[in-house]
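Take a look at the structure below.
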Amino acid sequence: MISIKKNLEVSMPVSLSELERDEPRLLQLSYPRPDSSYALTILGSLRQLDVDGVCFDPMGKIVMVGKGFRNIVVACMRRGEIVAAKIRRIDYVVKDAAREAAMFRMANEVGVGPRLLGSHGPALVMELIDGEDLTSWLLRLPKNEREEALIVLSDLLKQCFMLDRAGINHDELSDASKHVLRTDRGAIILDFGSARITNRPSNLTSIINYLFHGPIRQVSLETLGMRKPPNELLRRYKSLLSWDVFEEIHRAVLGLRCRREVRNSYP
131 MISIKKNLEV SMPVSLSELE RDEPRLLQLS YPRPDSSYAL TILGSLRQLD
181 VDGVCFDPMG KIVMVGKGFR NIVVACMRRG EIVAAKIRRI DYVVKDAARE
231 AAMFRMANEV GVGPRLLGSH GPALVMELID GEDLTSWLLR LPKNEREEAL
281 IVLSDLLKQC FMLDRAGINH DELSDASKHV LRTDRGAIIL DFGSARITNR
331 PSNLTSIINY LFHGPIRQVS LETLGMRKPP NELLRRYKSL LSWDVFEEIH
381 RAVLGLRCRR EVRNSYP
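Numbering follows the numbering used here, with no gaps: position 217 of the sequence shown is 347.
So, in structure tokens, the structure goes:
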């Protein structure tokens, strides 16, 4: 996810009716290849989702706040608020976002992810999250933010536990730099495009692998003083998926007792 605030400060929303008449702007909805038919399909989906306008910069370029191999994410206006519209790329085989939206809703039910506002065809609309990717933040972590880092990581571990208990596997958390943001309200897990329902979820173990075997390994061990939990404990967790075993892992990793309170689900 690209940092948002700077782009939005100089952007302006273009209404959907105006966008329909402005072909150069309209075609930017079809990425990476401009196609008027697909752009109009997206426009129709945005209308169904109560989007009022799409944000463009002063040069007439769409404000893109995220980009992946399946989707682009653009800033929009909806009911007076800036939101994010996640739009299927024209070169991605599956154009319908229904499956991703279903996984997204299930994650929201256990208080994980940005708030999903709706989906239709190749588009889904969600709350716009501004933050920094977790890896970049941890790699430049100032000493005075060490305690905040432990709180953010505690929050992240709990969210992974909630996904595990719900039987939702994100499937891409081994590289959290692309899928977890550090924000003012803690860790936010993004992108449920690869998520699936399984009786053997591995969100918590994936994040632990990221912490102790990925690019932030030195930060985890030396700067934050964290410790990798024993393999036997991780095996027990996979078997039981219980709060008690999760709490043991949490204490082993962070040296902190974990509060039982978890995030509320979205209404």
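Backbone N, C-alpha and C fix where the C-beta goes; we use that ideal spot for every residue, glycine too.
List the residues that DSSP assigns as beta-bridge partners of arginine 347. According to DSSP, which records beta bridges pairwise, arginine 347 is partnered with nothing at all.
Measuring straight from C-alpha to C-alpha, what distance separates leucine 246 and proline 164? 27 Å
Thinking just about the alpha-carbon of each residue, which of Ile172, Thr353, Glu378 and Arg177 is nearest to the one in asparagine 201? Comparing Cα positions, the closest option is Ile172.
Can you tell me whether methionine 131 is buried or exposed, with buried defined as 16 or more other CB within 10 angstroms of its CB? Per-residue confidence for methionine 131 stands at a pLDDT of 42, beneath the threshold of 50, marking its modelled position as unreliable; no derived number is given.
What are the start and end residues of the alpha helix (DSSP H) that includes lysine 197? Lysine 197 -> not in any alpha helix (DSSP H); beta strand (DSSP E) instead, spanning 194 to 197.
Exposed or buried, which one is aspartate 314 when buried takes at least 16 other CB atoms within 10 Å? exposed
Counted within 10 angstroms of its Cβ, other Cβ atoms place leucine 169 as buried (16 or more) or exposed: For the record, residue 169 in the displayed sequence is alanine; it is not leucine. Answer is buried; the Cβ neighbour count reaches 16.
Who are the near neighbours of glycine 261 in its chain, counting only those whose CB is closer than 6 Å to its CB and skipping five residues on each side? For glycine 261, where only same-chain residues beyond five positions count, the Cβ hits under 6 Å are Leu311, Arg312 and Thr313.
Just verifying my parser: in three-state terms, what is the DSSP assignment at proline 143? strand
Can you tell me where the beta strand (DSSP E) holding glutamate 257 begins and where it ends? 253 to 257
Does DSSP put isoleucine 288 in a helix, in a strand, or in coil? Reading off the sequence, residue 288 comes out as lysine, not isoleucine. Annotated three-state conformation of lysine 288 is helix, per DSSP.
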